[in-house]
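Protein chains in written order, with the working numbering: chain A, 1 to 467; chain B, 1 to 467. Note that CB positions come from ideal geometry on N, CA and C, so glycine has one too. Every value quoted in this text rests on a predicted model; they were computed, and no experiment measured them.
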């Protein structure tokens, strides 16, 4: 929290960022032209210095690569570490690639153990070894610990900024101890009370410290119980606890009950944002967040795997149609009508599966309720099927003048919607049963079912009844 | 924060919730059987009493309607208000429908003005009038103010729990004032310093109060500047500021600079979660969060509008195919191959538009960069087109033995991917240009373009070259 934004209103800040974004491209030496003036450079440098590291990160992310590196060179070297923490993975890669080992080691050394752990994956091995060697013993152990927890666990989000006190000291002594600190770590809403073996005994909220008689002992005013976490727990569970109980910070303990770190609301909020971004991108078939100005090759790598999967499912659907080529040859209207059946089925199936995946994530579906859910989804599908099926049947009749074709259309639409509802419930049910994450690729799976299934139902019905 | 969860570990809590979920169905009188025993009822009642309101909300959301109402009856009436705040909109509706006016007024009266405002939309008019009448003057004005701000604005998220002090009093006096309060409101990490006209002069973090000499005046130790918000600002901007600057609370001021409320990190976190849920649901074509156990009719209402839009776009695509019925009649392979072109194009277009909508939300795309972005997306599409086009062309040749058909397939795939890239950039660009939210319905729009466009390109090329 050392560097607060100097501007008061967020609107002013946004204005400042926009101005910087317009100034920076002018610094780049124009082709055949001369470099920017020393004055212009000094101006931008001063503007960057006045910004919070998180705001500099925003500026860097919004710049094309060349201009981004010009700006990066203007940032004071002792802020490099903080800024690398704030930018997205893709942009971090581009910045790190522009730095030499010496600069990287210097940047990492301005950070704390839990922060270095966040960068570890992106730093060259040699740099990490140098950084580890330069750390004091305690920090080195913390770094090892922080790096050992899996992504998405509480351990990967925790920091080591917890303030601890003993049960038997007076609040007077606690206050003196706090005064001796230069400033309290961010999000310090409470002190953790530990015994000689670092076992957590309770917590002392600052608000309680302020309103209590300073002659009392910590043990007399502390809260003996509070929500606490274990480092191997899932971050999502911790996030839900932060939301439900309005926490600002919480202790993390090992399985002997010893305090090993703390989790703050800000780390939790960052996690929620990243997770929701990740889900949203995965939904659209992207591996990860992409630097919008990334080289073409990086973008291709990020996107090809989902396109390939999509290609396979589209190919299967195509072979289903291929099996009915004889029917289409005889009644070409089938070719024009079949994508409607598959498309509406896909949309409806996606509605069902999205709701169920969400309800599962929120713990709303207990084992005995699956049957009830399936019945409900089938009922909704029946209502939709009768309504849209009748409408589409009427349209098909109007276009092609065949009552039989209209009937096939209506029946196929209803059956495809029932299939979509069935698969929309069955896919997440089976994935949970087999211990898989029901969210991953749910949209691809359901669309594959409704495409191939929709074509098969419609063309099959038409072949049986019309030809 | 008055009711902390009594269990220590989140895992224990989850276990407790699961047990409750298993007990509750047994309370419902079985068909022809007898009602639950008084003992069983008392047991569940005691378990519910021990839970935090947010946990009771979780229990209620995971129960089918009938059992949910049994549990709701067992909850102490004075907690009804808090719990109604915590449940989702859909579940809230079902609970409110089971209560009479008297109960609703009593529940609302346990809440604060900003909380009543959150419920206002769901309460019957008569109940709201009774509630407003019963409020003291100050609270009534706050309620009016809170209800006047649009959803998604800072004003709709703020509360009125700010603690204020004057610049000229001593820290000693501040401490005495705080001791006189029973306990500090949740998320109170700072006091706000105001003048006689309630104009914000600075802030006094509790951490600073603790470490300062109590004889000093507030004006000597306060921070004169801090991030502050206006009630009409977008909540999303505030959320970004909370994330970037690691805030716990922040003041909200009117345009004379007077303090009118405060925003807390917890309100912001709830907002982020709700927004991400809303986006995720909209992506799948759902109007809003759905109670998984909702009656069929409610579910239908939530889903029909997107299905109808989907039907229209599918119908347009179908008419494009209809225009080429003559070609399909002559070469029926076209019918089997065309969904592949449209499908892969749709997936690729969704990748592009998702990235751009996200980058726009994060403020990463400045006006001069659109051209650069378009060039990049077209380049990625060309790479994809050459790769997948060649592969699909080869497959088409292998299946149907026609080199010309393979060539048409390859070219159509490439052109459709270029179209997808173009529209993936153009749609958000145009929507931003015309002041619209680029996120709404982006997936539907791009899919409509790539479906109709893909069919047109493939069938058109085939008609020109093969027939």
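Would you say residue i reaches chain B, if we count a Cβ-Cβ gap shorter than 8 Å as a contact?
i, result
"residue 359(A)", "yes"
"residue 306(A)", "yes"
"residue 72(A)", "no"
"residue 354(A)", "yes"
"residue 343(A)", "yes"
"residue 364(A)", "yes"
"residue 162(A)", "no"
"residue 318(A)", "yes"
"residue 61(A)", "yes"
"residue 315(A)", "yes"
"residue 169(A)", "no"
What are the partner residues of residue i, as DSSP defines its beta bridges?
i, result
"residue 378(B)", "Looking at the DSSP assignment, residue 378(B) forms no beta bridge with any residue, so it has no partner."
"residue 390(A)", "According to DSSP, residue 390(A) bridges with nothing at all."
"residue 471(B)", "Here chain B covers residues 1 to 467 and nothing more, so residue 471(B) does not appear."
"residue 203(A)", "192(A) and 223(A)"
"residue 253(B)", "259(B)"
"residue 165(B)", "193(B)"
"residue 264(B)", "249(B)"
"residue 234(B)", "153(B)"
"residue 229(B)", "252(B)"
Write down the C-beta distance between residue i and residue j rounded to the nearest angstrom, noting that I regard them as a contact closer than 8 Å.
i, j, result
"residue 188(B)", "residue 206(B)", "7 Å"
"residue 198(A)", "residue 259(A)", "5 Å"
"residue 374(B)", "residue 425(B)", "5 Å"
"residue 108(B)", "residue 139(B)", "Contact doesn't hold; Cβ gap of about 11 Å is too wide."
"residue 280(B)", "residue 279(A)", "7 Å"
"residue 314(B)", "residue 454(A)", "Contact flag wrong, Cβ pair sits at about 11 Å."
Between which residues of its own chain and residue i is the CB-CB distance below 7 Å, once the five residues before and five after are set aside?
i, result
"residue 79(B)", "53"
"residue 283(A)", "443"
"residue 409(A)", "337, 392, 393 and 396"
"residue 134(B)", "109"
"residue 57(A)", "83, 86 and 87"
"residue 412(B)", "341, 457, 458 and 461"
"residue 72(B)", "60, 95 and 98"
Return the chain-ordered list of same chain residues with a C-beta closer than 8 Å to the C-beta of residue i, the five sequence neighbours on each side being excluded.
i, result
"residue 449(B)", "349, 419, 420, 423 and 427"
"residue 90(A)", "288, 289, 290, 291, 294 and 298"
"residue 252(B)", "154, 155, 158, 228, 229, 230, 231, 259, 260, 261, 262 and 263"
"residue 212(B)", "171 and 221"
Check whether the Cβ of residue i lies closer than 8 Å to any Cβ atom in chain A.
i, result
"residue 206(B)", "yes"
"residue 311(B)", "yes"
"residue 244(B)", "yes"
"residue 64(B)", "yes"
"residue 76(B)", "no"
"residue 388(B)", "yes"
"residue 272(B)", "yes"
"residue 203(B)", "no"
"residue 292(B)", "yes"
"residue 279(B)", "yes"
"residue 189(B)", "yes"
"residue 269(B)", "yes"
"residue 32(B)", "Low confidence applies to residue 32(B): its pLDDT is 47, below 50, so where it sits in the model is not reliable enough to give any reading."
"residue 192(B)", "no"
"residue 321(B)", "yes"
"residue 58(B)", "yes"
Leaving out five residues before and five after residue i in sequence, what residues of the same chain have Cβ atoms less than 6 Å from its Cβ?
i, result
"residue 328(B)", "334 and 335"
"residue 415(B)", "457"
"residue 167(A)", "193, 201, 218 and 219"
"residue 381(A)", "417, 418 and 421"
"residue 156(B)", "149"
Notebook entry, point to check: Do the stretch 223 to 234 of chain B and the stretch 166 to 186 of chain B make contact, defined as three or more Cβ pairs closer than 8 Å?
Noted result: The stretch 223 to 234 of chain B, when compared against the stretch 166 to 186 of chain B, does not touch it at the 8 Å Cβ threshold.
Notebook entry, point to check: Is there contact here, the stretch 52 to 68 of chain A with the stretch 249 to 264 of chain B, by at least three beta-carbon pairs under 8 Å?
Noted result: With a cut-off of 8 Å, the stretch 249 to 264 of chain B and the stretch 52 to 68 of chain A do not count as touching, because too few Cβ pairs lie within range.
Next item on the list: Would you check if the stretch 136 to 150 of chain A and the stretch 161 to 177 of chain B touch, i.e. whether three or more CB-CB distances between them fall below 8 Å?
Entry: Counting Cβ pairs under 8 Å, fewer than three are found: no touch.
Check: At a cut of 8 Å, does the stretch 108 to 119 of chain B reach the stretch 80 to 94 of chain B through at least three beta carbon pairs?
Finding: Touching, yes.
Check: Touching or not, the stretch 236 to 247 of chain A and the stretch 258 to 272 of chain B, by the rule of three or more beta carbon pairs under 8 Å?
Finding: Between the stretch 236 to 247 of chain A and the stretch 258 to 272 of chain B, the count of Cβ pairs shorter than 8 Å is three or higher; the stretches touch.
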